[in-house]
Amino acid sequence: MRVRVRFAPSPTGYLHIGGARTALFNWLFARQQGGEFLLRIEDTDAERSRPELIDAIFRALEWLGLDWDDTPVYQSERGDAYRDAVDRLLASGAAYWCACTPEEVKARAEARGGTPGYDGHCRDLDLGSGVGRVVRFRVPDEGSTSFDDVIRGEVSFDNANLEDFVVVRSSGAPMFHLANAVDDAAQNITHVVRGEDLINVTPKVLLLRDALAVPGELVFAHLPLIVNDKRQKLSKRRDDVSVGDYIDRGYLSEAMVNYLATLGWGPPDGIEIRPLAEIVAAFRLGDVNRSGAFFDVKKLQHFNGEYIRGLPTSEFVTRSTPWLFAADVPWAADRFDVDAFEALAPLVQERVKLLSEVPGYVDFVFLVEPVLDEASWAKVMVKGRDLAVAVLDHAAKAFADCEWTVADLDVALFSYADTHDVAKGKVQAPVRVAVTGRSVGPPLFESLVVLGRDETLRRIGVAKDRL
RNA sequence: GCCCCCAUCGUCCAGUGGCCUAGGACGCUGCCCUUUCAAGGCGGUAACACGGGUUCGAAUCCCGUUGGGGGUACCA
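Numbering (my numbering), first residue to last: 12 to 478.
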């Protein structure tokens, strides 16, 4: 049978790292099996769902490159199907109306000794529908519900530990388990790949499928959770994990997807950074780990640096250009010079880990006056004042009439190093700070070539005056 | 409390009874290269939670302990 999986986000927040990983593993499995990857928006909870987030989720998935098949299913539009299922459940006695309020349920539980859960109060009262009433599923008192998880093996729950859970709220809206069971059946889903936080809900869905006489078997695979540095499930509040935030910080989708694929799984040959197509080919659902994985931003950054360096330079230019027009960039848009950026791009490309770092490497070209990094100035120009004065004097003269090429600038400036027996690193520093404002940046002479003789000499002059 | 899951370097991943004096990657770190910073090259650091079994032999299988996590809603 053809594999059909689904990613079923609830539009209560932006797509976060955990959801992205779940979507990715579903997608990998589907593509690797030649199956289909479907989308379902689980918006049964009108209170929490925010329709405007749905599009943001789609865009995040698109950014990641996780293309889906068919049009997404919206649970908010499938009321009839759920009502039909509930009618069948009620008719067969698998479910019943319950008039207990949450407060009553809780009060009785406390009176019983604190064990949470519904006590079956209305089970055999044969109540009909009514305002404020919910429909509960009649969980068998005995036996157990188990399934063979692809990742974890046999997982079993005693039915006695399961309460008669609500399938329809007093508002008439279906609960997640019900909608889930009905939709997985309707969409002919073959495999459910989701986070381990949903493992306890599986017996309920299984019981529901059974009661609804859904044909065929649904295979489950519960992914290990992605955790924070305290080894707790990533939380939108506590941890900063929205996929969109990573886009804004200059991460490449290829790097993100590749990194996410190494969380809970690893290719047999140990090569972590590789094209998605190879990951698809090597991926095996059954080889996914069972234990939680820490989301290590440092390692993600390393992946990102690798991907940036691996880009053709022209693509690096087109992908980093938006960052040069970002709102917080300190120069007017008309100061941007494509040719200048293209000249520096290959040198910047091998130095950044994030696209957002790019402006900091080339700003001196577009700024009227370079931003002055105080720490750099203090170290090179103040602490090393004597050398700085001598070097800038030398540079001002030597740069005045040499050929304006990397090779000639090199000779012109470093003749000072040779004649005065000073390390080249020491000699280039004052010029770099004078011209770019910082002590780090792209190679100096290439930078000067782009800046031009007049501006270079002007900035050297300004720095000398400041000394 | 109850239920479920998990347990190899700081972190991620290999390892599926002998190839393991446990391998790769990130990080950290030493050296080299070098006009800064990167990148690159060559090294180093560091782990099978504990206790019992099973077996000729266990990181690998079983049991227990401990530890961690998840769930326990008229959220998903």
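Think of the CB as a built atom: it goes at the ideal place given N, C-alpha and C, for glycine as much as any other residue.
The region 72-92 makes contact with the region 52-60, as at least three CB pairs between them are under 8 angstroms. Relative to the Cα of Asp80, the nearest Cα in the group Val116, Gly143, Arg42 and Gly104 belongs to Arg42. Here Ser181 is not bridged, per DSSP, to any residue. Excluding residues up to 5 positions away in sequence, Tyr107, Trp108, Cys109, Ala110, Cys111 and Arg147 lie with their Cβ nearer than 8 angstroms to the Cβ of Cys133 in the same chain.
Boundaries of the alpha helix (DSSP H) around Ser331: Thr324 to Ser331.
If you keep only unbroken beta strand (DSSP E) runs of at least 3 residues inside the region 427-469, you get nothing at all. Where Ala232 is concerned, the enclosing beta strand (DSSP E) starts and stops at Val230 to Leu234.
When Leu223, His233, Asp95 and Val225 are compared, the shortest CA-CA separation from Asp160 is found for His233. Within the same chain, Gly128 and Tyr129 come within 6 angstroms of Glu174 by CB-CB distance, once the 5 residues on both sides are set aside.
Taking 8 angstroms as the cut-off, the Cβ atoms of Val145 and Val179 count as close. Only residues of its own chain outside the window of five on either side were considered, and among them Val444, Arg449 and Ser450 have a CB closer than 6 angstroms to the CB of Ser387, listed in chain order. Secondary structure at Glu47: strand, using DSSP grouped into helix, strand and coil. At the C-beta level, Ser367 and Gly275 stay beyond 8 angstroms of one another.
Between Ala266 and Leu296, the alpha-carbon positions lie close to 21 angstroms from each other. DSSP places Thr213 in the uninterrupted alpha helix (DSSP H) bounded by Thr213 to Ala222.
Rounded to whole angstroms, Leu49 and Thr33 show a C-alpha spacing of 13 angstroms. In the three-state DSSP reduction, Phe158 falls in the strand class (E or B). Secondary structure note for Val142: it is in no alpha helix (DSSP H), with a DSSP letter that is neither H nor E.
Annotation: the region 296-384 contains the following complete segments of the alpha helix (DSSP H) (minimum length 4 residues), in chain order: 308-321, 324-331, 349-360 and 369-377. Rounded to whole angstroms, the Cβ separation of Leu223 and Leu100 is 7 angstroms, and the two are in contact under 8 angstroms. Nearest in C-alpha terms to Ser264, of all of Ala96, Gln312, Lys390 and Phe294, is Gln312. For Trp74, the enclosing alpha helix (DSSP H) stretches over residues Glu63 to Leu75. In the displayed model, Glu165 falls within a strand according to three-state DSSP. By the beta-carbon neighbour count (other beta carbons within 10 angstroms, threshold 16), Pro333 is exposed. Closest in alpha carbon position to Arg94, among Thr467, Ser458, Met186 and Ala428, is Met186. With a 10 Å radius around the Cβ and a threshold of 16 neighbouring Cβ atoms, Asp250 comes out buried. Inclusion of Leu138 and Leu77 in the CB contact set at 8 angstroms is not warranted, their separation being larger than that value.
Secondary structure of Tyr270 (DSSP, three-state): helix. Going by beta carbons, Arg17 and Gln198 fall inside the 8 angstroms limit. Apart from sequence neighbours up to five positions away, the residues of its chain that approach Asn300 with a beta-carbon distance below 7 angstroms are Pro235, Gly275 and Trp276, ordered along the chain. Residue state for Gly206 is assigned as strand, using DSSP reduced to three classes.
Trp108 sits in a strand when the DSSP states are folded into three classes. Using a Cβ distance threshold of 8 angstroms, Leu398 and Val433 count as a contacting pair.
Separation of the CB atoms of Val254 and Ala31 is rounded to 5 angstroms, and the pair is thereby assigned contact status at 8 angstroms. With a threshold of 16 other beta carbon atoms within 10 Å, Ile282 falls short and is exposed. Taking 8 angstroms as the cut-off, the Cβ atoms of Val373 and Val382 do not count as close.
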